[in-house]
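Remarks on the structure that follows.
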Amino acid sequence: MVGLNARKQETLKHERLLALVSYDAETGVFTSRTKRGPVKAGAVVGGTSHRAGYREIRVDYERFLAHRLAWFYVNGEWPNGEVDHIDGNRDNNKLSNLRVVTRQQNCWNRGLGKGRVLRNITFKSGKPHVSFSRGYQRFYCKAFHTLCSAIHERNRIARETYGEFSRSYAKE
Numbered sequence: 529m530v531g532l533n534a535r536k537q538e539t540l541k542h543e544r545l546l547a548l549v550s551y552d553a554e555t556g557v558f559t560s561r562t563k564r565g566p567v568k569a570g571a572v573v574g575g576t577s578h579r580a581g582y583r584e585i586r587v588d589y590e591r592f593l594a595h596r597l598a599w600f601y602v603n604g605e606w607p608n609g610e611v612d613h614i615d616g617n618r619d620n621n622k623l624s625n626l627r628v629v630t631r632q633q634n635c636w637n638r639g640l641g642k643g644r645v646l647r648n649i650t651f652k653s654g655k656p657h658v659s660f661s662r663g664y665q666r667f668y669c670k671a672f673h674t675l676c677s678a679i680h681e682r683n684r685i686a687r688e689t690y691g692e693f694s695r696s697y698a699k700e
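In the numbering used here, each residue's number is its place in the sequence shown (first place is 1) plus 528.
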């Protein structure tokens, strides 16, 4: 990791983190071990939300993303890659819901962007088209008569292409 995050990570030692907070891997909740300012010992920490919707925790005046801190807390080393929420819920920091992935894998299962209704499905001349691309190369594109059949095919191709990182639409 490069830049500001690398500097922050180098300054926080694992022993220091263990001394300041406790992490429950079953619930994903961090609590304070000590009284620090207005925060009492035993109080839940990490209530602030990052601009992208992730939980943040302050440790020694530095902000850390709770899911990355959870990984560091349990494993004793910072994740080598991005930490993905398997269920897509950014508030769910249970250890069983976290996995280290590459940037590309993390993009495969991201949610819909603002204003998007369906991922990999567009409408041309009123018909749904399913298309996939990888590395700026389109490798699958097909038109369908109904949205339901397009969604079904989209989910099938996504499972084949992205495996465990695919996110299916329920409307099959």
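Every residue, glycine too, gets a C-beta built ideally from N, C-alpha and C.
Would you decide whether residue i is buried or exposed? Buried here means 16 or more other CB atoms lie within 10 Å of its CB.
| i | result |
| --- | --- |
| G663 | exposed |
| V530 | Any reading at V530 needs caution, since the residue's pLDDT is 42, under 50, leaving its predicted position unreliable; the model's value is listed next. The residue in question, V530, is exposed, as its Cβ has fewer than 16 Cβ neighbours within 10 Å. |
| V508 | Look at the range of the chain in this structure, 529 to 700, and you will see that residue 508 is not part of it. |
| F558 | buried |
| V549 | buried |
| F667 | exposed |
| R596 | buried |
| E700 | Only weak support is given to the placement of E700: the predicted model assigns it a pLDDT of 43, under 50, and the value that follows is read from those uncertain coordinates. Flag for E700 reads exposed. |
| G616 | exposed |
Considering residue i, what are the terminal residues of the alpha helix (DSSP H) in which it resides?
| i | result |
| --- | --- |
| L545 | 542 to 548 |
| F600 | 594 to 603 |
| A512 | Only positions 529 to 700 of the chain appear in this structure, which leaves residue 512 out of reach. |
Can you round the beta-carbon distance between residue i and residue j to whole angstroms, since I take them to be within the 8 Å contact cut?
| i | j | result |
| --- | --- | --- |
| L540 | D588 | 7 Å |
| A598 | G556 | 7 Å |
| R772 | A594 | Outside the modelled stretch of the chain, which goes from 529 to 700, sits residue 772, for which no answer is possible. |
| V629 | E610 | 6 Å |
Taking residue i as part of the beta strand (DSSP E), name the residues at either end of that continuous run.
| i | result |
| --- | --- |
| S661 | 655 to 662 |
| H613 | 610 to 613 |
When the Cα of residue i is compared with those of the options, which residue comes out closest?
| i | options | result |
| --- | --- | --- |
| R591 | Q665, Q537, Q633, A686 | Q537 |
| A678 | V658, A553, Y601, T562 | V658 |
| E554 | A547, K622, H680, D615 | K622 |
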